[in-house]
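Q:
Protein chains: 4
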Amino acid sequence: MSTGIRVTVWNEYRHELKNEKVREVYPNGIHQAIAEPLAEQGHAVRTATLDEPEHGLTDAVLDATDVLIWWGHVAHDEVSDAVVAKVVERVWKGMGLIVLHSGHFSKVFKRLMGTSCDLKWREAGENERLWVVDPTHPIVSGIGEYIDLEHEEMYGEHFDIPTPDELVMVSWFAGGEVFRSGCTFRRGGGKIFYFRPGHETHPTYHNAQIQKVIANAVNWAHSTQGPTPVYGNAKPLEVLTNQEA
Amino acid sequence: MSTGIRVTVWNEYRHELKNEKVREVYPNGIHQAIAEPLAEQGHAVRTATLDEPEHGLTDAVLDATDVLIWWGHVAHDEVSDAVVAKVVERVWKGMGLIVLHSGHFSKVFKRLMGTSCDLKWREAGENERLWVVDPTHPIVSGIGEYIDLEHEEMYGEHFDIPTPDELVMVSWFAGGEVFRSGCTFRRGGGKIFYFRPGHETHPTYHNAQIQKVIANAVNWAHSTQGPTPVYGNAKPLEVLTNQEA
Amino acid sequence: MSTGIRVTVWNEYRHELKNEKVREVYPNGIHQAIAEPLAEQGHAVRTATLDEPEHGLTDAVLDATDVLIWWGHVAHDEVSDAVVAKVVERVWKGMGLIVLHSGHFSKVFKRLMGTSCDLKWREAGENERLWVVDPTHPIVSGIGEYIDLEHEEMYGEHFDIPTPDELVMVSWFAGGEVFRSGCTFRRGGGKIFYFRPGHETHPTYHNAQIQKVIANAVNWAHSTQGPTPVYGNAKPLEVLTNQEA
Amino acid sequence: MSTGIRVTVWNEYRHELKNEKVREVYPNGIHQAIAEPLAEQGHAVRTATLDEPEHGLTDAVLDATDVLIWWGHVAHDEVSDAVVAKVVERVWKGMGLIVLHSGHFSKVFKRLMGTSCDLKWREAGENERLWVVDPTHPIVSGIGEYIDLEHEEMYGEHFDIPTPDELVMVSWFAGGEVFRSGCTFRRGGGKIFYFRPGHETHPTYHNAQIQKVIANAVNWAHSTQGPTPVYGNAKPLEVLTNQEA
């Protein structure tokens, strides 16, 4: 396993401050719950939140970020367009991006997808089962056939995203819906993983299997140092004739 | 809509003859229930069954088939390898193929997929909901957000198929499973659609939405007369130099 | 074949007015060269250009457009963000979109792709061969194994687009480059085809095979009236228990 | 990087024994040329050839193989069906498979693809350029924008394979053809990489970039220990009602 990946966990960090129920589940914020198990694996993890200057995503922080994790919900519109543009450009240059749960509606994700990213939802605390549909994918290494979450918010199809490059997990919900829950996308030099679970009132990020998926996704999204494409006006035409004599 | 497509509906036709419950649902056989609504659309539909000579799939019949529909279950092994080889080759040459329900384990489908095509199943007559995950696909033209089948056999993931070219529908089952229920594949010049529902004891093929999907699939699978590739030893090397003066 | 599709051909229409060489090739503008063969097929074709009010893309025009074709090059930045937003939303709602050649850098295409859409290029009038790599695709119905263009501008990989849903053609260039030349994407309810050829100084849009591909793409991109997804708060949870007695 | 992967390099090993020109290029056989750089990376590499008992692929050898590399050309038909069936089953159970060059026509590859795997070819020793079209893929880590091979056999489209899961490289040939040269597929628990170059009369496997791609592919194809799917009759239906109180 790769180690020493520089991970930044970004969290809106509003629910936890205003809602006691959420605070009970995530007393130090969702970002800390996500960050701690990653730090234990030897990654260099930092956190950033909406109300910090530049939302905590200064150039210095982004320069030191291999993989960015994103959780947001009620304040997507407060994320400045300048920071969004910077994050998108970093992804294009090879920064990995993991978008969690209600981050589907973040400016960053919508900008990278080119779709509305809309979906159905219901807050009924119903049972979710995330079935693995691609058992060969490194993101589900060490995971069972499905992950069972006793209580979660429901997200249902149609999920308005581009066709994923890889579909890794599909969720079943007690109320009758399904959802493409684990999806990969490539944009420029960057690898993106959307992972559905994580409503703020449920202890989803304390679940060891969910933590394992996020840890796997960090490894997967970490740039692989392929070629850096050269764009623009190419060298003059030189007709190639080096046929074997 | 295309009309006049020459469709052959192949059915094992064993359950109906031996099992009264199945006969009540499909008194003329599953093949007739599938064939009739297609004939009503103006297609030239014929049927073929396992116990006919050459399983009803003579060269003359295959020569006159644009799209083949396949339903089989208990007698996959009785289909001769010679007929399987012929069907596979026809698909490669452009014949469309629609594989239904338990046809996932047919020799023809396994041969074209290159996988075991295995899955989970349960006969509990539970509720199935087939959710459309690609609303732009012609196969779901005229279909609602989902198709509700009150009672069906369950098929669950992992479904051991290659990654589908297009994932059109995903099923939800009351017992907690999901399934990739509508999948397209291309093999050679032929287009293949796998469509999950249709257990022999349930009136699934009398459902108008299911009939609509099958009718759409026939149109979709009908060959589009693209180029016929030329294989083998290519013309000698001629270095191309026709740069503009 | 579908007929009576309402097609709008959008062209920047600047090169033709300023450059005599271009005007010789396309005396009535690139848009007319594209529109005429489509009109001959019975489609309801109109044109729109950058310097018309609202760039010719008023609500009334967009309301009456099933498929929009886009050619732009030197004035991408002059297309107003308001019109871009409207076109993107129309695509999401089911309008087909065909983006030609230098339209790869249009605001509309970049917005829908979520990438830079950058590439290599060279103006040397070199030979291009567009090889069909998916002979089953309706977009290459009636086309040979490849289309030979004696003189074209070169576009080379890496082409910074998301992984196409379907890769239909790959170009070979005399100078040593390759390019993914015919690519499909789905965004919301809309189907998008990017088609590479068409530099303004070459008579590419007078080529019958190129015209055939564009005509096929119009048919393919025309919306198939699948389900209209319902988004937002779903109906309350009702646990489904209708197991067969 | 993973180390200690158990790799078996299988080679037909006929050309080298009969043809002096080939022997000059690969005095110890193509298998040794492929095996040596992998062994230098710390992998546990063995070789196997057609004329050994069971073609060198005994159960003991396959039990000790994480990734199998396959080169064959003139004697595909001499590979026993029993060994082919065993190799296919091992792939389904998670063994990685790398198929090189003329291995496209091997029984193993055709069986896993479900297509004819046919293509165009020309032996003119012409220039090949393998362009990277997916710079984020781990298989091209450390590779430049393209790999230049001065002299190679040409393989041209149409290449009759299923749509690859991932298209990593596309080749350009001096004579006017293109080819999908680096393709991934998943079959059951196994990951497959087809890599085009490697005609027996050219020193392709001595090229450091080609060696790097093969080494990357070994790492990529090595099983990731995802869930082992359980197939067959599922547990009885238990309607799930654990809605939050």
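Here the protein sequences line up with chains A, B, C and D, keeping their order.
In this text, residue positions in the first sequence follow full-length UniProt numbering: the first is 1, and each later residue adds one.
In this text, residue positions in the second sequence follow full-length UniProt numbering: the first is 1, and each later residue adds one.
In this text, residue positions in the third sequence follow full-length UniProt numbering: the first is 1, and each later residue adds one.
In this text, residue positions in the fourth sequence follow full-length UniProt numbering: the first is 1, and each later residue adds one.
Just so it is clear, CB atoms sit at the ideal spot from N, CA and C, and this is done for glycine as well.
When Cβ atoms are compared, which residues of the stretch 124-158 of chain C fall closer than 9 Å to chain B?
A: 124, 125, 126, 127, 129, 132, 134, 135, 136, 137, 138, 139, 140, 141, 142, 143, 144, 145, 146, 150, 151
Q: Starting from residue 127 of chain D, trace the alpha helix (DSSP H) both ways and give me its first and last residue.
A: Taking the fourth sequence and counting its residues from 1, the one referred to as residue 127 of chain D is at position 127. Taken as a continuous stretch (DSSP letters only), residue 127 of chain D belongs to no alpha helix (DSSP H), being part of the beta strand (DSSP E) at 120-132.
Q: On the DSSP letters alone, give me the boundaries of the alpha helix (DSSP H) that residue 151 of chain B sits inside.
A: Along the second sequence, one-based indexing puts residue 151 of chain B at 151. Segment 146-156 is the beta strand (DSSP E) holding residue 151 of chain B; no alpha helix (DSSP H) there.
Q: Using only the alpha-carbon positions, how far apart do residue 67 of chain D and residue 125 of chain D sit?
A: Translated into positions along the fourth sequence, residue 67 of chain D becomes position 67. Translated into positions along the fourth sequence, residue 125 of chain D becomes position 125. Roughly 30 Å separates the two Cα atoms.
Q: Would residue 82 of chain D be called buried (16 or more neighbouring beta carbons within 10 Å of its own) or exposed?
A: The residue labelled residue 82 of chain D in the question sits at position 82 within the fourth sequence. Answer is exposed; the Cβ neighbour count stays below 16.
Q: Is the separation between the beta-carbon of residue 8 of chain D and that of residue 62 of chain D shorter than 9 Å?
A: Here residue 8 of chain D refers to the residue found at position 8 when the fourth sequence is read from its first residue. Here residue 62 of chain D refers to the residue found at position 62 when the fourth sequence is read from its first residue. With respect to the 9 Å criterion, residue 8 of chain D and residue 62 of chain D are classified as neighbours on the basis of their beta carbons.
Q: Using a Cβ-Cβ cutoff of less than 7 Å, which residues in the same chain neighbour residue 154 of chain A once the five nearest sequence positions on both sides are dropped?
A: Within the first sequence, residue 154 of chain A is the residue found at index 154, counting from 1. Only 121, 122, 124, 126, 173, 175, 177 meet the Cβ criterion.
Q: Among all the DSSP beta bridges, which residues are the ones paired with residue 183 of chain C?
A: On the third sequence, residue 183 of chain C is found 183 positions in, with the first residue counted as 1. For residue 183 of chain C, which the question treats as bridged, DSSP gives the partners C:167, C:194.
Q: To the nearest angstrom, how far is it from the Cα of residue 189 of chain D to the Cα of residue 64 of chain D?
A: As a first step, residue 189 of chain D must be located in the fourth sequence, where it is residue number 189. As a first step, residue 64 of chain D must be located in the fourth sequence, where it is residue number 64. Spanning the two alpha carbons is a distance of roughly 17 Å.
Q: Cβ of residue 16 of chain C less than 9 Å from any chain D Cβ?
A: Counting from 1 along the third sequence, the entry for residue 16 of chain C is found at position 16. No, residue 16 of chain C does not count as interfacial toward chain D.
Q: Let me check understanding here. Comparing Cα to Cα, which of A:26, A:164, A:60, A:94 lies closest to residue 117 of chain A?
A: In the first sequence, the residue the question calls residue 117 of chain A occupies position 117. Nearest option by C-alpha distance: A:164.
Q: Give me, in chain order, the residues of the same chain whose beta-carbon lies closer than 8 Å to that of residue 70 of chain D; leave out the 5 immediate sequence neighbours on both sides.
A: By 1-based counting over the fourth sequence, the position of residue 70 of chain D is 70. The answer, listed in chain order, is 10, 97, 98, 99, 100, 103, 106, 108, 109.
Q: Who are the near neighbours of residue 141 of chain B in its chain, counting only those whose CB is closer than 7 Å to its CB and skipping five residues on each side?
A: Start at 1 with the first residue of the second sequence, and residue 141 of chain B comes out as number 141. Here the set comprises 216.
Q: Take residue 33 of chain B and list the residues in its own chain whose beta-carbon comes closer than 6 Å to its own, dropping the five residues that flank it on each side.
A: In the second sequence, the residue the question calls residue 33 of chain B occupies position 33. Excluding residues within five positions, the ones whose Cβ falls inside 6 Å are 26, 205.
Q: Going by the beta-carbon positions, is the gap between residue 147 of chain D and residue 113 of chain D smaller than 9 Å?
A: Residue mapping note: residue 147 of chain D aligns to position 147 of the fourth sequence, counting from 1. Residue mapping note: residue 113 of chain D aligns to position 113 of the fourth sequence, counting from 1. The answer is no: Cβ separation not under 9 Å.
Q: Within the 9 Å Cβ cut-off, does residue 254 of chain C reach chain A?
A: Since the first residue of chain C shown is 1 and the last is 245, residue 254 of chain C is not available in this structure.
Q: Between residue 228 of chain A and the rest of its own chain, which residues show a CB-CB distance below 7 Å, the 5 nearest in sequence each way excluded?
A: Here the question's residue 228 of chain A lines up with position 228 in the first sequence. Closer than 7 Å at Cβ, skipping near neighbours: no residue.
Q: Quick check on the burial criterion: 16 or more other C-beta atoms within 10 angstroms. Buried or exposed for residue 128 of chain A?
A: Counting from one through the first sequence, the residue named residue 128 of chain A turns up at place 128. The residue in question, residue 128 of chain A, is buried, as its Cβ has 16 or more Cβ neighbours within 10 Å.
Q: Between B:218, B:119, B:202, B:31, which has its C-alpha nearest residue 232 of chain D's C-alpha?
A: Taking the fourth sequence and counting its residues from 1, one reaches residue 232 of chain D at position 232. The shortest C-alpha separation from residue 232 of chain D is found at B:119.
Q: Residue 156 of chain B: which of A:135, A:20, A:136, A:131 sits nearest, CA to CA?
A: Translated into the one-based positions of the second sequence, residue 156 of chain B becomes position 156. Nearest option by C-alpha distance: A:131.
Q: Quick one: Cα of residue 186 of chain B to Cα of residue 88 of chain B, how far?
A: Translated into positions along the second sequence, residue 186 of chain B becomes position 186. Translated into positions along the second sequence, residue 88 of chain B becomes position 88. Approximately 12 Å, taken between the alpha carbons.
Q: Which parts of the stretch 9-93 of chain A are runs of the beta strand (DSSP E), unbroken and 3 residues or longer, counting only runs that do not cross its ends?
A: Listed in chain order, the complete beta strand (DSSP E) runs (minimum 3 residues) inside the stretch 9-93 of chain A are 44-49, 67-71.
Q: I'd like the span of the beta strand (DSSP E) that includes residue 98 of chain C, first residue to last.
A: The sequence position of residue 98 of chain C within the third sequence is 98, counting from 1. It spans 96-100 - the beta strand (DSSP E) in which residue 98 of chain C sits, taken as one unbroken run.
Q: Within a Cβ cutoff of 6 Å, which residues of the same chain sit near residue 91 of chain D, ignoring the five residues on either side of it in sequence?
A: Against the fourth sequence, residue 91 of chain D aligns to sequence position 91. Closer than 6 Å at Cβ, skipping near neighbours: 97, 187, 190.
Q: What are the boundary residues of the alpha helix (DSSP H) that residue 209 of chain C is part of?
A: Counting from one through the third sequence, the residue named residue 209 of chain C turns up at place 209. Element bounds for residue 209 of chain C: 208-221.
Q: Residue 232 of chain B bridges to which residues according to DSSP?
A: Mapped onto the second sequence, residue 232 of chain B falls at position 232. Answer is D:120, bridged to residue 232 of chain B.
Q: When we look at the beta-carbon of residue 48 of chain D and count the other beta-carbons within 10 Å, is it buried (16 or more) or exposed?
A: Counting from 1 along the fourth sequence, the entry for residue 48 of chain D is found at position 48. Result: buried.
Q: With 16 as the cutoff for other CB atoms within 10 Å, does residue 221 of chain C come out buried or exposed?
A: Residue numbering aside, residue 221 of chain C sits at position 221 when the third sequence is read from its first letter. The residue is buried, with at least 16 neighbouring Cβ atoms inside 10 Å.
Q: Would you decide whether residue 134 of chain B is buried or exposed? Buried here means 16 or more other CB atoms lie within 10 Å of its CB.
A: For the purposes of this step, residue 134 of chain B is taken as residue 134 along the second sequence, with counting starting at 1. Classification for residue 134 of chain B: buried.
Q: For the alpha helix (DSSP H) that residue 108 of chain C lies in, which residues bound it at each end?
A: Translated into positions along the third sequence, residue 108 of chain C becomes position 108. Residues 107-113.
Q: Within a Cβ cutoff of 7 Å, which residues of the same chain sit near residue 39 of chain B, ignoring the five residues on either side of it in sequence?
A: The residue you call residue 39 of chain B lines up with position 39 of the second sequence. Closer than 7 Å at the Cβ level, and outside the excluded window around residue 39 of chain B, lie 45.
Q: For residue 119 of chain A, return the contacting residues in chain C, with the cut-off set at a CB-CB distance below 8 Å.
A: Within the first sequence, numbered from 1, the residue matching residue 119 of chain A stands at position 119. Under the 8 Å cutoff, chain C gives 231.
Q: Mark residue 208 of chain D as exposed unless 16 or more other C-beta atoms lie within 10 angstroms of its C-beta, in which case mark it buried.
A: Start at 1 with the first residue of the fourth sequence, and residue 208 of chain D comes out as number 208. Residue 208 of chain D is exposed by the Cβ-count criterion.
Q: Any C-beta of chain A sitting closer than 9 Å to the C-beta of residue 178 of chain B?
A: As a first step, residue 178 of chain B is located in the second sequence; it is residue number 178 there, counting from the start. Cβ-Cβ to chain A under 9 Å: yes for residue 178 of chain B.
Q: Using 8 Å for Cβ pairs, my map puts residue 12 of chain B next to residue 74 of chain B. What's the rounded Cβ distance?
A: Here residue 12 of chain B corresponds to residue number 12 of the second sequence, with the count starting at 1. Here residue 74 of chain B corresponds to residue number 74 of the second sequence, with the count starting at 1. Yes, residue 12 of chain B and residue 74 of chain B are in contact; Cβ-Cβ is about 7 Å, under 8 Å.
Q: Can a CB atom of chain D be found closer than 9 Å to the CB of residue 186 of chain A?
A: The residue given as residue 186 of chain A occupies position 186 in the first sequence. Cβ-Cβ to chain D under 9 Å: yes for residue 186 of chain A.
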